[in-house]
Amino acid sequence: MAKAADKAGRSSVWLDGKAHRRRGGGQPSGLDRARIIEVTVRLLDAEGLAKFSMRRLAGELNVTAMSVYWYVDTKDDLLELALDEAMGEMRLPEAEADEGWRDQVRALAREYRSLLVRHPWVSQLVGTYLNIGPNNVAFSGAVQRVIRRTGLPANRLTSTISAVFQFVYGYGTLEGHLSARAAATGMTLDEYFQDAMSAATESPQAADLIQESQEMMAARGGDTVAEMLERDFEFALELLIAGIETIVSREANP
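Mind the numbering: the sequence shown is residues 1228 to 1481 in this note's numbering, read in order.
Structure representation (structure tokens):
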């Protein structure tokens, strides 16, 4: 059992040359791996992870499922390729950029949040695979490089990365799922939010809490749900940056 678990934990399309492997025989006409990954991402965006299948993908490509398997061994391999493809959408700061670490932390956090909102399925896959594809490795490298620039001691770096980017992961995941639920109902985000709040106030258990929440939301400002989400994210990010500054100062002046 332990050996099977180890094998599963080490499984990745990026190992053993699987990312570039082809099966024997002729190449299916009009099909290539880039096209397969592109359509996979589009289907995942439109229909979600639960509805995705190799048969559905083959139908969208107008080929047989076996034609797809000429390029990828398994559905998991394809999902891992799609995940890294999405990760490649993020704009990463240059290693020699003149901007300070604070602006680079903000930029990376905003890029990651946007990715999670744009592709809600990404958050579901991040914890599934080893994530050693080139785009994810580039993102992780940029994060480490920027956090090192803060001046924090080495024993504080991983905790700081977790504080900032696990916050972004959680925020972007919830925001992405909220947007997906609104889209599934055919409502705008504002309509869906108002409908949910109205329904919640009908519950005796939740009515008082909802009332308090509405007062808090009114105080923070913003005419739309998107504006409220933006303000909350930016303020929370500034709290984290201020926390880093405080720790750096405290470590320098014990």
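Backbone N, C-alpha and C fix where the C-beta goes; we use that ideal spot for every residue, glycine too.
Do you know offhand how far PHE1366's Cα is from THR1473's? On the sequence shown, position 139 is the one that residue 1366 refers to. On the sequence shown, position 246 is the one that residue 1473 refers to. PHE1366 and THR1473 have their C-alpha atoms spaced approximately 26 Å apart.
Pull up the distance between the alpha-carbon of ASN1363 and that of ASP1459, whole angstroms please. The residue labelled residue 1363 in the question sits at position 136 within the sequence shown. The residue labelled residue 1459 in the question sits at position 232 within the sequence shown. If you take the alpha carbons of ASN1363 and ASP1459, they lie about 26 Å apart.
Inter-residue Cα distance where the pair is ALA1427 and ALA1409: Locating residue 1427 in the sequence shown gives position 200, counting from the first residue. Locating residue 1409 in the sequence shown gives position 182, counting from the first residue. Rounded to whole angstroms, ALA1427 to ALA1409 spans 16 Å at the Cα level.
Hey, how far is the Cα of SER1476 from the Cα of ILE1374? As a position in the sequence shown, residue 1476 is number 249, starting the count at 1. As a position in the sequence shown, residue 1374 is number 147, starting the count at 1. Using only the alpha carbons, I get a separation of about 15 Å.
Does the distance from the CB of LEU1456 to the CB of GLU1402 come in under 7 Å? What you label residue 1456 is simply residue 229 of the sequence shown in a count that begins at 1. What you label residue 1402 is simply residue 175 of the sequence shown in a count that begins at 1. Taking 7 Å as the Cβ cut-off, LEU1456 and GLU1402 qualify as a contacting pair.
Can you give me the start and stop residues for the alpha helix (DSSP H) that SER1239 sits inside? On the sequence shown, position 12 is the one that residue 1239 refers to. Element bounds for SER1239: n/a, residue is neither H nor E.
Kindly give me the distance between the Cβ atoms of ALA1322 and VAL1391, rounded to whole angstroms, as I take these residues to be in contact under 8 Å. Position 95 of the sequence shown, counting from 1, holds the residue named residue 1322. Position 164 of the sequence shown, counting from 1, holds the residue named residue 1391. Incorrect: roughly 19 Å between the Cβ atoms, too far for contact.
For the 8 Å Cβ check, are there 3 or more pairs between the stretch 1256-1268 and the stretch 1327-1341? Contact between the stretch 1256-1268 and the stretch 1327-1341 is absent, because fewer than three Cβ pairs lie under 8 Å.
Only counting the same chain, and skipping five residues up and downstream in sequence, which positions put a Cβ closer than 7 Å to that of ALA1334? Taking the first residue of the sequence shown as position 1, residue 1334 is located at position 107. Correct list, in chain order: PRO1320.
Helix, strand or coil for THR1355 per DSSP? Numbered from its first residue, the sequence shown carries residue 1355 at position 128. In the three-state reduction of the DSSP assignment, THR1355 falls in the coil class.
Please return the same chain residues whose Cβ sits closer than 6 Å to the Cβ of ALA1292, not counting the five positions on each side in sequence. Counting from 1 along the sequence shown, the entry for residue 1292 is found at position 65. Only MET1281, ARG1282 and ALA1285 meet the Cβ criterion.
Contact under 7 Å by Cβ, ILE1264 with LEU1308: Translated into positions along the sequence shown, residue 1264 becomes position 37. Translated into positions along the sequence shown, residue 1308 becomes position 81. Pairing ILE1264 with LEU1308 gives a Cβ-Cβ distance under 7 Å.
3-residue-minimum beta strand (DSSP E) runs that sit fully inside the stretch 1365-1419, ordered along the chain: Segments of the beta strand (DSSP E) lying fully in the stretch 1365-1419: there are none.
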